[in-house]
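The block underneath contains the structure these notes are about, expressed in C-alpha cells.
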Ligand code: NAD
Ligand code: TYD
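Residue numbers (this note's numbering): 1 to 345.
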C-alpha cells in the first residue's frame, strides 16, 4: 500500500515529452486515478501525444500557464472537482539547453517564476503531495570518474540548468519554511516516444530517415546517461506515492554513452551510412559528462529501470519510423492546429 493515497493528479506540462508519457503511464498503471493536465502548449506541447486519452472519463485538459495564478487555480479547481486526495507532478518547463543559450529569459520565466506560482497555489490549497521533476544537469559536469549523488553540490552550467537549479531551491525552501510536502527528482537524459525532434536522439532519427546530415557537436565524446522515458515515469510515480517529503531522489540507469556512439547506433539500426555524420561547432559551455548514482531511490523505494538501452533504443527508433505522421506534423508545425480543432479557438 502506498504511504500517500492519491485519487487525482494534477500534471503540469502533460502535453510535452515526459509529461505525456507520464499521463499514459498513469492511465495504464493507475486506471482509477483522475488526471488534470495543465499545459500552456508552447512549441513543445503537443496534444497529438494525448489523442488516446482525450475524451476519457476522469481526464481533463486545461490550457494554461504555470506562471499565471489564475490558470493554476483553474486547474486546481478542476482537480478538486474530481475529488479525493490530490497529488501534483510538475513537469512544465522550458527544457532545451540550446534554446536557453540563445535566450535565457523564457527559462527564468517558466521554470523559476512558474514553479513559485505553482508552489504558492498548491500550498494555499493544502496539496498533500508534490513532485518537482528536475534534472541531473543542476549538478554541472563530471570528469571521467564518479557519479552525481543527491549530495553533489549544485553547479549548473547552462541557463536551462541554472533555471532548474533555482526552481529546485524554491521547492526546497517551501519544504523547509512551510513544511510543504514536496519531493524533487533529478533524472538523467530521457529518450522514447513523443520526444520533440530538437533533442539528440529524435533529431538524429528524423534526419537519418530523410538522409539529412546528422550534426554532432564538438568531438562527439560528450557522455550522457540515457534512461528510457517509461522507466523515468515509473520512478516519478514511486516518488509520488512513497517518497519522503523534503527529499531529493536521483533517477538514472547506469547507461553512459558518448554521443557519437548513439548516433552511430541509430545509423546502423536504420541501415544508413556513417557519412551522414557531420561534426559541427561545439555547444558553448557544453557539459562533458553526466552520470547518475541512483542507489537512494533503489534502496528506499525499490525502483530500478526495467528497460535496457539495447532493447529500448531500437524500440524508440521503430516508434519514430512507424509514427511518420506524428513526426511530419511536428516538423511542419501542423500539430499546433490540434488545439483549435479539438477545443475551438
Ligand atoms: P518538453 O519541452 O518536451 O515539455 C515541456 C512541456 O511543458 C510542454 O508541453 C510545454 O507546453 C509545457 N510548458 C512549458 N512552459 C509552460 C508554462 N509556463 N506553463 C505550462 N506549461 C508549460 O520537456 P520534457 O523533456 O518533457 O521535460 C519535462 C520535465 O522534465 C522538465 O521539467 C525537464 O526539466 C525535466 N527533465 C527532462 C529530461 C529530458 O531528458 N527530457 C531529463 C530530466 C528532467
Ligand atoms: P540534448 O538532447 O540537447 O540534451 P542535453 O543537452 O540536455 O543533455 O543533447 C544531448 C547531447 O547531444 C549533448 O551532449 C549535446 C549533443 N547534441 C549534438 O551533438 N547534436 C545535436 O544536434 C544535439 C541537439 C545535441
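Even glycine gets a Cβ: it sits at the ideal position worked out from N, Cα and C.
In the three-state reduction of the DSSP assignment, residue 232 falls in the helix class, which pools H, G and I. For residue 292, DSSP records a beta bridge to 148.
A distance criterion of 7 Å places the beta-carbon of residue 189 in contact range of the ligand NAD, judged by its closest non-hydrogen atom. For the pair of segments examined, the region 247-265 was found to touch the region 210-228: the number of CB pairs separated by less than 8 Å reaches three. Under the three-state reduction of DSSP output, residue 61 falls in the strand class. Every alpha helix (DSSP H) stretch that sits fully inside the region 30-106 and reaches 4 residues is listed by chain position as 69-82 and 97-102.
For the pair residue 123 and residue 116, the Cα-to-Cα distance works out to about 10 Å.
Cβ contact annotation for residue 162 (same chain, cutoff 7 Å, sequence separation greater than five): 156, in chain order.
Inter-segment contact for the region 34-41 and the region 313-324 is absent: fewer than three beta-carbon pairs are separated by less than 8 Å. If you look at residue 316, you'll find it in the alpha helix (DSSP H) that goes 309-322. The continuous beta strand (DSSP E) containing residue 278 extends over residues 277-280.
In the three-state reduction of the DSSP assignment, residue 301 falls in the helix class, which pools H, G and I.
Residue 119 is a Cβ neighbour of residue 171, given a cutoff of 8 Å. Setting aside the 5 residues that flank it on each side, residue 270 is surrounded in the same chain by 208, each with a C-beta closer than 6 Å to its C-beta; the list follows chain order. Using a Cβ distance threshold of 8 Å, residue 246 and residue 136 do not count as a contacting pair.
Taken through DSSP and simplified to helix, strand or coil, residue 121 comes out as helix. Distance from the Cα of residue 310 is smallest, within the candidate group 266, 334, 340 and 325, for 266. Residue 213 and residue 221 have their C-alpha atoms roughly 18 Å apart.
With contacts defined by Cβ atoms closer than 8 Å, residue 107 and residue 100 form a contacting pair.
The residue from 46, 202, 181 and 250 with its alpha-carbon nearest to that of residue 302 is 250.
DSSP places residue 111 in the helix class (H, G or I) of the three-state scheme.
Placement of the Cβ of residue 216 at a distance of less than 7 Å from at least one heavy atom of the ligand TYD is found. Within its own chain, the residues whose Cβ lies closer than 7 Å to the Cβ of residue 329, once the five positions on either side in sequence are excluded, are 48 and 335, listed in chain order.
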